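What follows is a short report on a single structure.
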Amino acid sequence: MAIDMTPLDILLVAVAAAVFLAAAAGGGALARGLRQDAVIGEILAGLLVGPVVLWLAGPGFLHGTVPSHVLLGLKWLGEVGLTLFLVGVAHEMRFDRSGPQRRAVGWLTAGSFVPPLLLGGLYGEWLLHHGPANARGSAPGLAFVLFVAVATSITAVPVLARLLSDRRMSHSPVGRQALAAAIFQDSAGWLVLSIALGVNSGSVAGFVQDMLVLVGGVAVAFALRWLLKVERLAAWGVRNTTVTAVVIAVIAVVVAFTVQQFGLTSIFGGALVGLAVPRGERSPWTRPVEAVSGVGRRMVPLFFVVSGITVFASSTSAVSWPLVLALLLLGVLGKAGGGYLGARLGRADRWDSARSGVLMNTRGLTEFVVLQIGFTNGILTGTFFLAFAIMALVTTASTGPALSLITRLQTRRGPVGLLHPADLPGKP
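Residue 286 in full-length UniProt numbering sits at position 286 of the sequence shown, and the numbers go up by one each step.
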């Protein structure tokens with residue numbers, strides 16, 4: 001992403017970032033006060049700050065305060081923060097490589113991805129022939145159907161990772177399996193999305209390119225992992241923790257944006273670097289990765305702000321509640337129901353299976369990225385975009401309360417005093 005800015009522009013970006021991050025922090029604090037997860041408050045505050053300013057002061061004030069080049073800088077910072085955060089998330093995500101663990105992740109991935117993909121595709125096909133005229137854009141029918149299928153089946157990796165962190169579930173078997181399944185689904189979803197975009201443009205070259213980037217990215221990750229295991233390099237990392245953190249951050253950003261330039265999401269690039277860094281109790285790379293991820297975690301809310309300004313603040317379409325209700329029904333049935341069945345097939349008990357289904361129904365950031373792509377390419381109308389957006393917000397906001405409800409039900413029916421990490425309060 002090329003950005004040409006003057007020193008004054010950089011100052012404006014810094015000031016705007018500070019203001020928006022403060023607003024997101026306020027939203028997170030309010031959410032904790034309401035016994036919600038902080039990430040939910042950050043998402044809502046970030047998404048709504050643009051529309052609220054637009055409503056109170058008008059479009060002239062908003063675009064004068066946050067002109068396009070400043071917004072581009074904020075978008076870049078948000079993507080960098082997301083990449084750095086996911087380095088730490090993927091680094092901590094390692095799970096037992098035993099057969100049962102692989103089987104559990106495989107079933108959870110299939111169960112929470114294939115059913116909503118099929119349900120979304122069938123709903124998209126129905127909309128083509130029987131739906132309202134304002135539901136689809138100008139794209140070919142196949143592109144529309146594929147896009148609805150992908151948008152219905154998404155699990156938001158960044159939001160899920162933040163929620164697991166806030167609820168201290170990152171190291172639990174349920175949390176690790178859900179995050180692993182979400183990353184696999186995200187990669188598969190982007191491949192299907194590339195097919196939809198190829199059909200929309202009349203070319204499938206993008207899909208072939210994405211497959212090549214996927215294979216090349218995995219090869220680079222294996223090479224980086226081998227390099228970081230060299231003893232001399234590891235010893236240097238122990239002596240130079242700060243410099244090591246900077247180097248890891250630079251590598252992550254370069255890989256993420258290179259992957260993005262070739263058609264895949266930067267999320268995939270950040271996760272690849274995190275998986276490539278060796279992990280262990282005595283690993284010299286653990287502290288630098290934690291530092292990198294901590295910086296990224298604080299920057300992620302900027303992505304929500306940019307999404308809110310670029311989409312919600314510019315859309316004047318009316319909400320179609322029948323579309324919203326249909327998407328909610330299909331989304332919950334496919335993701336939560338399919339996730340539950342997948343976890344059960346992976347031999348989890350019914351309580352952990354219910355938690356897995358709820359976690360896989362978490363949407364949010366990734367959903368908005370995909371929706372914005374569909375809206376920009378004329379596949380979605382503003383009305384359908386808003387319906388998907390409301391569905392994403394509702395399903396994401398319901399994740400925390402649903403997890404707490406599952407734990408309360410389990411406690412009442414199980415041994416007295418039984419607690420699960422999902423019922424612990426979020427981090428301050």
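C-beta atoms are modelled at their ideal positions from N, C-alpha and C, and glycine is treated no differently. It should be emphasised that the depicted structure is a prediction, and the values quoted were computed from it without experimental measurement.
- Of the candidates Phe147, Gly382, Ser112 and Ser307, the residue whose Cα lies closest to the Cα of glycine 337 is Ser112.
- In the DSSP assignment, aspartate 37 falls outside any alpha helix (DSSP H) and carries neither an H nor an E.
- In the three-state scheme derived from DSSP, where H, G and I count as helix and E and B as strand, arginine 347 is classed as coil.
- The residue from Ala402, Ile406, Ile390 and Thr407 with its alpha-carbon nearest to that of leucine 44 is Ile390.
- Here alanine 196 has Ala143, Leu146 and Phe147 as same chain residues with Cβ atoms under 6 Å from its own Cβ, once five neighbours each way along the sequence are excluded.
- Per DSSP, tryptophan 236 is one residue of the alpha helix (DSSP H) stretching across 231-239.
- Residues of the same chain with a CB within less than 8 Å of the CB of arginine 103, apart from the 5 flanking positions on each side, are Gly346 and Arg347 in chain order.
- Rounded to the nearest angstrom, the gap between the Cα atoms of phenylalanine 384 and leucine 11 is 37 Å.
- Per DSSP, the beta bridge partners of arginine 136 are Leu380.
- Using a 10 angstroms sphere on the CB of histidine 130, the tally of other CB atoms stays under 16, which defines it as exposed.
- In the three-state reduction of the DSSP assignment, valine 253 falls in the helix class, which pools H, G and I.
- Boundaries of the alpha helix (DSSP H) around methionine 299: 286-299.
- Taking 4 residues as the minimum length, the alpha helix (DSSP H) runs contained wholly in the segment 146-225 are 157-166 and 173-201, in order along the chain.
- Between valine 174 and arginine 355, the gap from beta carbon to beta carbon is short of 7 Å.
- Counting C-beta pairs with one atom in each stretch, the segment 106-121 and the segment 151-159 have three or more that are closer than 8 Å, which means they touch.
- Counting C-beta pairs closer than 8 Å gives fewer than three between the segment 250-269 and the segment 22-41, which falls short of the contact rule.
- By the criterion of a C-beta distance shorter than 7 Å, phenylalanine 184 is surrounded in its chain by Thr109, once the five residues flanking it on both sides are discounted.
- Rounded to whole angstroms, the separation of the alpha carbons of valine 230 and leucine 224 is 10 Å.
- Beyond the five residues adjoining it in sequence on each side, valine 394 comes within less than 8 Å, by CB distance, of Leu328 in the same chain, given in chain order.
- Looking at Gly216, His63 and Val159, the one whose alpha-carbon comes closest to that of proline 51 is His63.
- In the three-state reduction of the DSSP assignment, methionine 360 falls in the helix class, which pools H, G and I.
- Excluding residues up to 5 positions away in sequence, Gly88 lie with their Cβ nearer than 8 Å to the Cβ of glycine 294 in the same chain.
- Between glycine 78 and valine 306, the C-beta spacing is below 7 Å.
- Using a Cβ distance threshold of 7 Å, glycine 137 and threonine 381 count as a contacting pair.
- When the beta-carbon positions are compared, alanine 139 and leucine 127 stay at least 7 Å from each other.
- DSSP places valine 66 in the coil class of the three-state scheme, outside both helix and strand.
- An exposed status is given to alanine 133, since fewer than 16 other beta-carbon atoms sit within 10 Å of its beta-carbon.
- For proline 401, the enclosing alpha helix (DSSP H) stretches over residues 399-413.
- Spanning the alpha carbons of threonine 242 and arginine 232 requires a straight line of approximately 17 Å.
- Here arginine 32 carries a helix assignment [DSSP, helix/strand/coil].
- Judged by DSSP secondary structure, phenylalanine 268 falls within the alpha helix (DSSP H) whose first and last residues are 266-276.
- In the structure shown, serine 112 falls within a helical segment according to DSSP collapsed to helix, strand and coil.
- In the three-state reduction of the DSSP assignment, valine 49 falls in the helix class, which pools H, G and I.
- With a cutoff of 7 Å on beta-carbon distance, alanine 149 and glycine 189 are scored as not near each other.
- The straight-line gap separating the alpha-carbon atoms of valine 70 and valine 157 is approximately 27 Å.
- Sequence-distant partners of glycine 334 (beyond 5 residues in either direction) whose C-beta falls short of 6 Å from its own C-beta, in its chain, are Pro115, Pro116 and Leu119.
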